[in-house]
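K.L.:
Questions regarding the structure given below will be posed in turn.
Protein chains in written order, with full-length UniProt numbering: chain A, 1 to 142; chain B, 1 to 171.
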């Protein structure tokens, strides 16, 4: 159990983001300066392995079915982190005809990291908070 | 091979390049646009920031005897328009980037500034006192006591200004 809580897998989905948050996420994950893997988490390519879901972008009408598909494939329990202003409240795109967000319409969000885009340090903060929730969830999960 | 050796020796001497952020201090650029800081004594509740905010994050509401300036960070896009257009310089963007929060704080993740109204010395109507910076801009190059002017409402201030002009013309 302790090994599971120490090394959760991250999965990232872009639901119509402008790529700003994705670049910051890539920075957080890949370059050694803000190494998010120090916290024990690793990126995975498949939602079936994921424990923490990172969502960027307001939920556009085009990307909504893909988000629902990913949410179905995630193993229970999972933690959802909204990266950027868009998934938390749709930001400047609010009330647009092609936006079906925000994210908490579809799934119970645990951590929000607003910012346009958030700083890599803020994303690390969010992932650290998500890890706390993940530990609690896996302990309570029976 | 020599390139690799150079990097290896440099890394040995200089230590790791990783920013020790969640466990240690981090660096912040001076021009980073982070959370807002609203100076309630400078703000005159003119609603310019509410008008220019592209995402509608700023709301100014009227309460009993005060205006409440609220900024909701979950829709703020940190563009800095409010700071740029603020006529009195009451809004400043700080370098505070700590925005991650749990879902139960989603609607309470705001900064609030309360702008209190005062009573006019002459006619006893309630009004928001003008800030020093605004008065300095309006009465630029005119020899007049600004602290005295702050006590009067816009109507009475207009009257005083007209009387002064009248006196000046008679001289």
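C-beta: ideal position from N, C-alpha, C; glycine also.
Note that the structure is predicted; figures quoted are calculated from it, not measured.
1. To the nearest angstrom, report how far apart residue 153 (chain B) and residue 91 (chain A) are at their CA atoms.
2. Counting C-beta neighbours from all protein chains within 10 Å, is the total for residue 49 (chain B) 16 or more, i.e. buried, or is it exposed?
3. With 7 Å as the limit, tell me which residues of the region 11-35 of chain B have their beta carbon closer than that to any beta carbon of chain A; keep them in chain order.
4. Can you tell me whether residue 75 (chain A) is buried or exposed? The criterion is at least 16 other CB atoms within 10 Å of its CB, across all chains shown.
5. Which residue's Cα is closest to the Cα of residue 34 (chain B): B:96, B:126, B:130, B:70?
6. How would you list, in chain order, the residues of chain A whose beta-carbon sits under 7 Å from the beta-carbon of residue 100 (chain B)?
7. Who are the Cβ neighbours of residue 52 (chain B) in its own chain at under 6 Å, not counting the five residues just before and after it?
8. Closest to residue 18 (chain A) by C-alpha separation, out of A:86, A:127, A:8, would be which residue?
9. Is there at least one Cβ from chain A nearer than 8 Å to residue 174 (chain B)'s Cβ?
10. Answer yes if the region 126-133 of chain B comes into contact with the region 125-141 of chain A, meaning at least three C-beta pairs across the two stretches below 8 Å, and no otherwise.
11. Would a C-beta distance cut-off of 8 Å place residue 59 (chain A) and residue 100 (chain A) closer than the cut-off?
12. Please name the residue, chosen from B:104, B:71, B:5, that lies closest to residue 111 (chain B) on a Cα-to-Cα basis.
13. Can you name the residues that DSSP bridges to residue 102 (chain B)?
14. Determine which residues share a DSSP beta bridge with residue 99 (chain A) and list them.
P.N.:
According to the structure shown:
1. In the second chain, residue 153 (chain B) corresponds to position 153, counting from 1. In the first chain, residue 91 (chain A) corresponds to position 91, counting from 1. Near 38 Å, if we compare the C-alpha coordinates of residue 91 (chain A) and residue 153 (chain B).
2. The count along the second chain starts at 1 and reaches residue 49 (chain B) at position 49. When all chains shown are included, residue 49 (chain B) counts as buried.
3. 17, 18, 19, 21, 22, 26
4. The sequence position of residue 75 (chain A) within the first chain is 75, counting from 1. Answer is exposed; the Cβ neighbour count stays below 16.
5. Indexing the second chain from 1 puts residue 34 (chain B) at position 34. That would be B:96, whose Cα lies nearest to the Cα of residue 34 (chain B).
6. For the purposes of this step, residue 100 (chain B) is taken as the residue at position 100 of the second chain. Those within 7 Å of residue 100 (chain B) in chain A are 111, 113, 122, 125, 126, 129.
7. Position 52 of the second chain holds residue 52 (chain B). Closer than 6 Å at Cβ, skipping near neighbours: 81, 85.
8. Looking up residue 18 (chain A) in the first chain gives position 18. The candidate whose alpha carbon is nearest that of residue 18 (chain A) is A:86.
9. Residue numbering for chain B in the displayed model covers 1 to 171; residue 174 (chain B) lies beyond these limits and cannot be assessed.
10. no
11. Here residue 59 (chain A) refers to the residue found at position 59 when the first chain is read from its first residue. Here residue 100 (chain A) refers to the residue found at position 100 when the first chain is read from its first residue. Against a cut-off of 8 Å, the Cβ pair of residue 100 (chain A) and residue 59 (chain A) comes out as a contact.
12. Numbered from 1 along the second chain, position 111 holds the residue referred to as residue 111 (chain B). Closest option to residue 111 (chain B), Cα to Cα, is B:71.
13. Reading the second chain from its first residue, position 102 is the one you call residue 102 (chain B). Answer is A:111, bridged to residue 102 (chain B).
14. On the first chain, residue 99 (chain A) is found 99 positions in, with the first residue counted as 1. Bridge partners of residue 99 (chain A): A:60.
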